[in-house]
Amino acid sequence: MSQVAVLHPQIEPAESPLTPESWGKLGMWIFLVGDAMSFGALLAAYGALRYGSADWPHPSSVLGIGLTAFMTFLLICSSVTMVLALAGIQRGDMATLRKFLALTILGGVSFLGMQAYEWTHLIREGLALSGNPWGASLFGTTFFIITGFHGAHVTGGVVYLSCYLLRSLGARLNQGHANQIEIAALYWHFVDLVWILVFTFVYLL
Amino acid sequence: MPQTHKQPNYIAIFWWLLGLTIIEVGVIFTPLARVLIAILLVGLALSKASLVAMYFMHLKFEIRTLGLIAVTPLLLCVLLVFALLPDLSGTPHQTVGEAAPPAAPTSR
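These protein sequence lines are chains C and B, in that order.
Residue numbering for the first sequence follows the working numbering, beginning at 926 and increasing consecutively.
Residue numbering for the second sequence follows the working numbering, beginning at 10 and increasing consecutively.
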C-alpha cells in the first residue's frame, strides 16, 4: 500500500458500492460474467454449426432425455440445499450448514456419476470427438466439449464446497464466514443455471 | 454480515423450476411446429434461468447495476448469433429424421 493510502485511507473506499457485503462477492460476479460469456460463445457456435449442417441428428431421439431430465432435477435440488445451507450459517446454525452442504456435494457427485454413465454409453454406441454414427461428426465434437466444460465446472464446485465442509467439520467455520459461503453458493447456482440452458439447447431443441 | 433482505420462499421456487422442467420435456413430444416448439423451449429455459438468478443468486435483492452487469453476457451472446448469421445465410438446414422436401419434377 502506498504511503498516501496509509495516511489517507478514505481515498480508497473499503467497501464496493456494488456489493456492500464484500469485494469477494463482486469478484465472483465478475468471474461468473466472464464464464457466462465462454458458455454463451460455445452455445452460439453450437447453434451456428447445427444450422449450417444438413445431417445433424435430432438430439432428443439420440440422447437419453429421461436420464438428463433427472440430472436437471438433481442440480435444481442441489441448488435448494445450497440456499438452505447458506440460510443455516447466516443463522449461526452450523449443524444445518453441514447437513445441507453435504447434500449439495452429494447432488454434484451424483450428477457427475450420471454424466460419466451417459458418456460411457454414448462412446460405446460410436459417438466420438470426431465421429458420429447418426450423421454430422461435429455433433459429437460439440456435445463432448459443451457437456465436458460444464462437467469440469461441476467438479470444481464439488471440490470448492468440499473444502468448506471439511473446514466446518474441523470447527474452523462460524457465522462470521457466511459471506464466504454466499460466494461459493453463487458459483454453485451458476453451474445449475448453465445446465438449464445446456439441457434445453443441446438435448431438447 | 447479516443479510438485509427478506428470504424468498426457496421451496416455492423449487416447485416452479420442477414444473417448468416437466413442461419442457413434455413440449418436445407435442405435435406442434418445430419453430413453435423451439420458441417455447427457449422461453421456458430463460424463465428457469431467471428464477435461479433472481432468487437463488439473490439478484432480485442486489443493486440494479449488478443486475445489468449480469445480463451483459446474454446480450453479447445474442449479438454473436446475429454476427454469425451472414455466414449461415443460404445454408440448407435439415435435421435427420425430418421429412425431406419433395424432389423437383424431372423433364423427359
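Backbone N, C-alpha and C fix where the C-beta goes; we use that ideal spot for every residue, glycine too.
Item, Value
"Quick one: using the 10 Å Cβ neighbour count with 16 as the cut-off for buried, is V987(C) buried or exposed?", "buried"
"Please classify E71(B): is it buried, with 16 or more other beta-carbons within 10 angstroms of its beta-carbon, or exposed?", "buried"
"Measuring CA to CA, which of L1118(C), L1098(C), H983(C) and C1088(C) is closest to D1018(C)?", "L1098(C)"
"Which of helix, strand or coil does DSSP assign to W981(C)?", "strand"
"If contact means a Cβ-Cβ distance below 8 Å, which residues of the region 1111-1125 of chain C contact chain B?", "L1111, H1114, F1115, D1117, L1118, I1121, L1122, F1124 and T1125"
"Could you pull the DSSP bridge partners for A1053(C) from this structure?", "G1056(C)"
"May I ask you to list, following chain order, the residues of the region 950-966 of chain C that have a beta carbon less than 7 Å from some beta carbon of chain B?", "W954, V958, A961, M962, G965 and A966"
"Please confirm if S1004(C) has its CB atom under 8 Å from at least one CB of chain B.", "yes"
"Can you give me the C-alpha to C-alpha distance between E1043(C) and I31(B), rounded to a whole angstrom?", "21 Å"
"For S1062(C), I'd like the list of residues in its chain whose CB is within less than 7 Å of its CB, leaving aside the five on either flank, ordered along the chain.", "S1055 and G1056"
"Can you grab the Cα-Cα spacing for the pair L1028(C) / T1006(C), in whole Å?", "7 Å"
"With a Cβ-Cβ cutoff of 8 Å, do V57(B) and L29(B) count as a contact?", "Reading off the sequence shown, one finds Lys at residue 57(B), where the question assumed Val. Against a cut-off of 8 Å, the Cβ pair of L29(B) and K57(B) comes out as a contact."
"Please state if the CB of L1026(C) and the CB of A1012(C) are separated by a distance shorter than 8 Å.", "no"
"Could you run through the region 57-68 of chain B and flag, in chain order, every residue whose CB is less than 7 Å away from some CB of chain C?", "K57, A58, V61, A62, F65 and M66"
"Given a cut-off of 8 Å, decide if T997(C) and W1120(C) are closer than it, judged by their beta-carbon atoms.", "yes"
"Could you tell me the boundaries of the alpha helix (DSSP H) in which K57(B) lies?", "R43 to L60"
"Locate the alpha helix (DSSP H) running through S947(C), then write down its first and last residues.", "No alpha helix (DSSP H) contains S947(C), which DSSP labels as neither H nor E."
"For F1036(C), which of V1008(C), I1014(C) and L999(C) has the nearest alpha-carbon?", "L999(C)"
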